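Here is the structure we will look at.
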Amino acid sequence: MSLKDVLSPFLAWKNLTKKPGTVKKPLERESAERYRGFHQNDLETCIGCGTCESICQNAAIDMVPVEGQETKDGDSGLRPMIDYGRCCWCALCVDVCTTGSLTMSSEFKWVDSDSDAFRFIPGAEKKPWDNMEKGYRKPENYELYPTGRVQMDELAPEDRDKSFIEIVKGYSKEQAIKEADRCVECGLCVATCPAHMGIPSYIAAIRSDDMEEALRVLYETNPMPEVCG
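8 is the number of the first residue of the sequence shown in the numbering used here; add one for each residue after it.
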């Protein structure tokens with residue numbers, strides 16, 4: 008046996024005077040600044056579009072009615088309910104949120120004997136983490152879909168009184184496909200439209216460069232295409 012082997016147990020005693028690196032109470036552990044914890048939702052900013060529900064890979068989100076949130080133009084009145092028995096905290100729902108209302112706090116501790124408690128509606132059911140500033144937010148200028156509108160060309164003002172040609176020239180095929188890529192198929196436009204046109208299906212056909220299908224949808228759901236556009 009070497010001298011090192013004899014002294015090594017005594018050398019370990021030097022750690023008795025050092026501050027321990029362990030946390031005595033695990034429930035007091037600090038989370039990372041952008042930790043993906045429990046969800047937060049600004050009910051007034053949310054429009055109930057359902058993109059979070061559509062993108063969820065685990066079917067952990069359901070759009071449900073919430074007391075005090077009425078259906079109105081541009082707002083379905085529905086809000087996301089999260090099922091933490093299914094959620095994997097990937098944050099795709101936050102990344103795809105069209106209004107930026109859905110975020111994730113850095114809170115990760117939640118103890119409850121009722122398993123149904125872990126299916127809740129962020130923002131509607133008050134939780135301790137509702138106002139936490141730490142957590143995951145969609146990065147600025149980070150979008151999973153294009154947000155810039157493709158503007159339609161118009162006749163110059165001085166040329167408008169010279170003929171009966173439409174002032175708005177409309178999109179070219181390439182412009183229409185590019186603009187169609189912005190649609191998230193939330194269906195709010197269908198509810199708002201007086202004729203309840205099949206707008207998402209019409210746009211989806213354009214995005215797929217299937218103009219015949221787009222025309223079929225247009226004639227099927229719009230009795231006055233020349234008037235409604």
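Note that CB positions come from ideal geometry on N, CA and C, so glycine has one too. Quick caveat: nothing in here was measured; it's all calculated off a predicted structure.
When the options are compared against residue i, the one with the closest alpha-carbon
i, options, result
"Asp102", "Ala39, Asn148, Gly75", "Asn148"
"Ile62", "Ala163, Cys94, Thr78, Asn48", "Cys94"
"Asn48", "Ala19, Met139, Asp123, Leu10", "Met139"
"Thr58", "Ile172, Leu99, Val118", "Leu99"
"Ser108", "Ala183, His46, Leu151, Gly75", "His46"
"Glu173", "Gln182, Asp188, Val234", "Val234"
"Glu77", "Ala67, Ile54, Asp90", "Ile54"
"Gly92", "Phe125, Phe17, Pro230, Ser9", "Phe125"
"Val175", "Gly84, Met159, Gly155", "Met159"
"Pro232", "Ala211, Ala212, Gly205", "Gly205"
"Arg1", "Tyr178, Arg43, Ser83", "Here the chain comprises residues numbered 8 to 236, so residue 1 is not present and cannot be evaluated."
"Pro87", "Glu161, Pro230, Cys56", "Cys56"
Coil, strand or helix - residue i by DSSP
i, result
"Ile54", "coil"
"Gln76", "coil"
"Leu109", "strand"
"Arg86", "strand"
"Val71", "strand"
"Tyr152", "coil"
"Glu114", "coil"
"Tyr226", "helix"
"Asp123", "helix"
"Asp12", "helix"
"Pro232", "helix"
"Glu161", "strand"
"Ser38", "coil"
"Glu147", "coil"
Alpha-carbon spacing of residue i relative to residue j, whole angstroms
i, j, result
"Glu192", "Phe127", "25 Å"
"Cys97", "Lys133", "23 Å"
"Cys190", "Glu60", "15 Å"
"Glu51", "Pro129", "12 Å"
"Val73", "Asn22", "57 Å"
"Asp69", "Ala131", "14 Å"
"Arg214", "Arg167", "31 Å"
"Gly81", "Asp216", "27 Å"
"Glu150", "Ser170", "42 Å"
"Ala221", "Tyr143", "39 Å"
"Asp123", "Tyr209", "40 Å"
"Pro201", "Asp121", "45 Å"
"Leu10", "Glu37", "43 Å"
"Pro153", "Ile184", "12 Å"
"Thr228", "Asp90", "36 Å"
"Arg223", "Lys141", "49 Å"
"Leu195", "Ser112", "28 Å"
"Thr199", "Cys104", "20 Å"
"Ala4", "Pro135", "The structure shown has nothing for residue 4, since the chain only spans 8 to 236."
"Ala212", "Gln182", "14 Å"
"Pro16", "Gly28", "20 Å"
"Leu85", "Ala67", "16 Å"
"His203", "Leu162", "30 Å"
DSSP beta-bridge partners of residue i
i, result
"Val101", "The partner list for Val101 (beta bridge, DSSP) is empty, contrary to what the question assumes."
"Asn48", "Leu109"
"Pro129", "Glu132"
"Gly142", "Ser112"
Self-check item: Start-end ranges of the alpha helix (DSSP H) lying completely within the region 164-222, minimum 4 residues
Solution: 180-187, 195-199, 206-214
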